[in-house]
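The numbering used here applies: residue 144 is where the sequence shown begins, and numbers increase by one. Report on the following structure.
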Amino acid sequence: MEDDRRGKLRVKEPNRAQGVIRFEIPHETLPSTHPARLFWDVTGTFDLADFFKNVKSEEGKAGRSAVSPRLKLTLWLYGVSRGIGSGREIAELTTSDDGFRWLVGDIELGHHTLSRFRAEQGVALDTLMTNILAVLLHKAVLSLDLVAQDGIRIRAAATAPSFRQESSLAECREQAALHLKAVLAQADDPTHSSAQHARRQAAALDYQRRVDAAIAELHTLRAQARPPKKPRASTTDPEARVMKMADGGFRPAYNAQLATAGNPLGGPRTIVGVRVTNVGSDSGAVTPMLDDIQRRTGALPKVLLADANHGSHDGIRDAEARGVELLVPVPDTSARAKNPTRDQAADDPPIVAWRERMATDDAKQTYRARAGLCELSNAHLRSHHGVEQFLVRGLTKVTSVILIAAIVSNILQHAATLLS
144 MEDDRRGKLR
154 VKEPNRAQGV
164 IRFEIPHETL
174 PSTHPARLFW
184 DVTGTFDLAD
194 FFKNVKSEEG
204 KAGRSAVSPR
214 LKLTLWLYGV
224 SRGIGSGREI
234 AELTTSDDGF
244 RWLVGDIELG
254 HHTLSRFRAE
264 QGVALDTLMT
274 NILAVLLHKA
284 VLSLDLVAQD
294 GIRIRAAATA
304 PSFRQESSLA
314 ECREQAALHL
324 KAVLAQADDP
334 THSSAQHARR
344 QAAALDYQRR
354 VDAAIAELHT
364 LRAQARPPKK
374 PRASTTDPEA
384 RVMKMADGGF
394 RPAYNAQLAT
404 AGNPLGGPRT
414 IVGVRVTNVG
424 SDSGAVTPML
434 DDIQRRTGAL
444 PKVLLADANH
454 GSHDGIRDAE
464 ARGVELLVPV
474 PDTSARAKNP
484 TRDQAADDPP
494 IVAWRERMAT
504 DDAKQTYRAR
514 AGLCELSNAH
524 LRSHHGVEQF
534 LVRGLTKVTS
544 VILIAAIVSN
554 ILQHAATLLS
């Protein structure tokens, strides 16, 4: 029988109000194999001079030191590798996540700094992408013998109701002008701080700018060879277009085209070409992609694989003239019979050679590698790199998002080579 005459129990409860002094070396708080270290080490092997062009602070002169562009670049690369595409989320994780805390060390930075960095560094990101490919070519781990191209429609940061016709946009322009006038008239209102007045004025100016950009996009659409019957533009993201998505629905989106090199038997997949457009169709995308690959690598692929949507006659002729063996499925004969205009080039030698080539067993066997090469890169954009929907607006910023994802993919595929 238990003794009920025990004294007062003595237990130790946590005291969370007590101050604690800890001594640690931040460099040693993260394992040597952690991905955050990998991205930091890889960025240190490249010349990042283009990222430093916007840095204005200089030693010996007044002003605060600028946050290292290498740090901001690495934060984005590591964040995207974890499927994080938001500057706000990365900034929050710098105070709680071990990898991000190790990267920033004793530096504090907000999400505005990160977002502005990504928006302003499109040219530098493009150069870094090219430099990575140059290293891989120099070390003979990248081959352009077989390249596959594919496009993926990614939802834009705009809604369907934001697309308006010209008459509606004219009304929006008048409303934007009246709203800006009202905001400026309230600039001396004592109930709001100077910072609040500045934010309200910036928001009004931004809306007016987006409406003007939408009207300019309408004029661009009308100037096209085949303008839409009822052109519309978005007041949220004027450069976005309504496209047919993979599920058959129509939504505002951008078309991200990737070219991936690899071996059909396995091994690393390397993104060697990146193009982002606001054109929903893939037709005619082969020639610009060949230009992009040649600009980045100084060479053209021996064989380029693409699905039937890419098979324009002009693209086939251009590939043939440049010595690229283009493997694109031939439309069925019944479709050509229903639309004779599609068969006007039936006697053109490059078109005849393409159709004869696609009828061979070797071409059919080679073409089977297309899905395994390019669709993996597209799937990783959505599932691994956080590009399910764009959080930025405009073609330039959207391209920067895709470039960062492509750089992350190539680093993860070739980390050992880049660090050797």
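Beta carbons: idealized from backbone N, C-alpha and C, even for Gly.
DSSP state of residue i mapped onto helix, strand, coil
i, result
"residue 387", "strand"
"residue 222", "helix"
"residue 393", "strand"
"residue 164", "coil"
"residue 468", "strand"
"residue 416", "strand"
"residue 544", "helix"
"residue 560", "helix"
"residue 318", "helix"
"residue 401", "strand"
"residue 367", "coil"
"residue 337", "helix"
"residue 129", "Because the chain is modelled from 144 through 563, residue 129 falls outside the range shown and cannot be assessed."
"residue 377", "strand"
Straight-line Cα distance separating residue j from residue i
i, j, result
"residue 427", "residue 400", "12 Å"
"residue 97", "residue 197", "As displayed, the chain neither begins before 144 nor continues past 563, which places residue 97 out of reach and without an answer."
"residue 241", "residue 173", "7 Å"
"residue 547", "residue 501", "35 Å"
"residue 557", "residue 416", "16 Å"
"residue 318", "residue 347", "10 Å"
"residue 552", "residue 224", "8 Å"
"residue 161", "residue 155", "14 Å"
"residue 392", "residue 362", "26 Å"
"residue 343", "residue 537", "22 Å"
"residue 457", "residue 294", "18 Å"
"residue 381", "residue 370", "16 Å"
"residue 395", "residue 473", "30 Å"
"residue 205", "residue 352", "35 Å"
"residue 314", "residue 235", "40 Å"
"residue 199", "residue 189", "21 Å"
"residue 435", "residue 269", "11 Å"
"residue 467", "residue 283", "21 Å"
"residue 334", "residue 521", "51 Å"
"residue 159", "residue 168", "23 Å"
"residue 397", "residue 420", "6 Å"
"residue 519", "residue 232", "26 Å"
"residue 218", "residue 243", "7 Å"
"residue 360", "residue 560", "44 Å"
"residue 300", "residue 364", "20 Å"
"residue 114", "residue 464", "Coverage of the chain is limited to positions 144 through 563, which leaves residue 114 absent and any answer about it impossible."
"residue 251", "residue 325", "37 Å"
"residue 329", "residue 323", "10 Å"
"residue 165", "residue 178", "26 Å"
"residue 309", "residue 425", "28 Å"
"residue 444", "residue 508", "18 Å"
Reference residue i; option with closest CA among the options
i, options, result
"residue 386", "331, 303, 184", "303"
"residue 379", "277, 312, 402, 215", "312"
"residue 531", "246, 298, 254", "298"
"residue 286", "207, 405, 435", "405"
"residue 306", "357, 179, 296, 509", "357"
"residue 228", "164, 254, 468", "254"
"residue 221", "180, 202, 251", "180"
"residue 475", "271, 492, 454", "454"
"residue 216", "186, 226, 235", "186"
"residue 292", "414, 233, 523", "414"
"residue 503", "526, 471, 522", "471"
"residue 459", "550, 433, 419, 523", "433"
"residue 296", "365, 152, 384, 308", "384"
"residue 495", "508, 469, 517", "469"
"residue 422", "388, 441, 164", "388"
"residue 402", "560, 290, 153, 555", "290"
"residue 442", "163, 554, 273, 563", "273"
Neighbour flag for residue i against chain D, beta carbons, 8 Å
i, result
"residue 444", "Looking for chain D here will not work: only one protein chain is present."
message: Ignoring anything shorter than 3 residues, give me the beta strand (DSSP E) runs that lie fully in the stretch 239-315, in order along the chain.
response: 289-298
- request: Inspect the CB distances between the stretch 509-521 and the stretch 442-450 and report whether three or more fall short of 8 Å.
  value: Flag = yes, the stretch 509-521 and the stretch 442-450 touch.
field: Ordered list of alpha helix (DSSP H) runs contained in the stretch 414-459, each at least 4 residues
entry: 429-440
task: Report yes or no: do three or more beta-carbon pairs, one from the stretch 248-262 and one from the stretch 210-230, lie closer than 8 Å?
output: Between the stretch 248-262 and the stretch 210-230 there are three or more C-beta pairs closer than 8 Å, enough to call the two in contact.
- prompt: Taking contact to mean at least 3 C-beta pairs separated by less than 8 Å, is the stretch 233-240 in contact with the stretch 263-270?
  reply: no
query: Is there contact here, the stretch 241-257 with the stretch 271-288, by at least three beta-carbon pairs under 8 Å?
result: no
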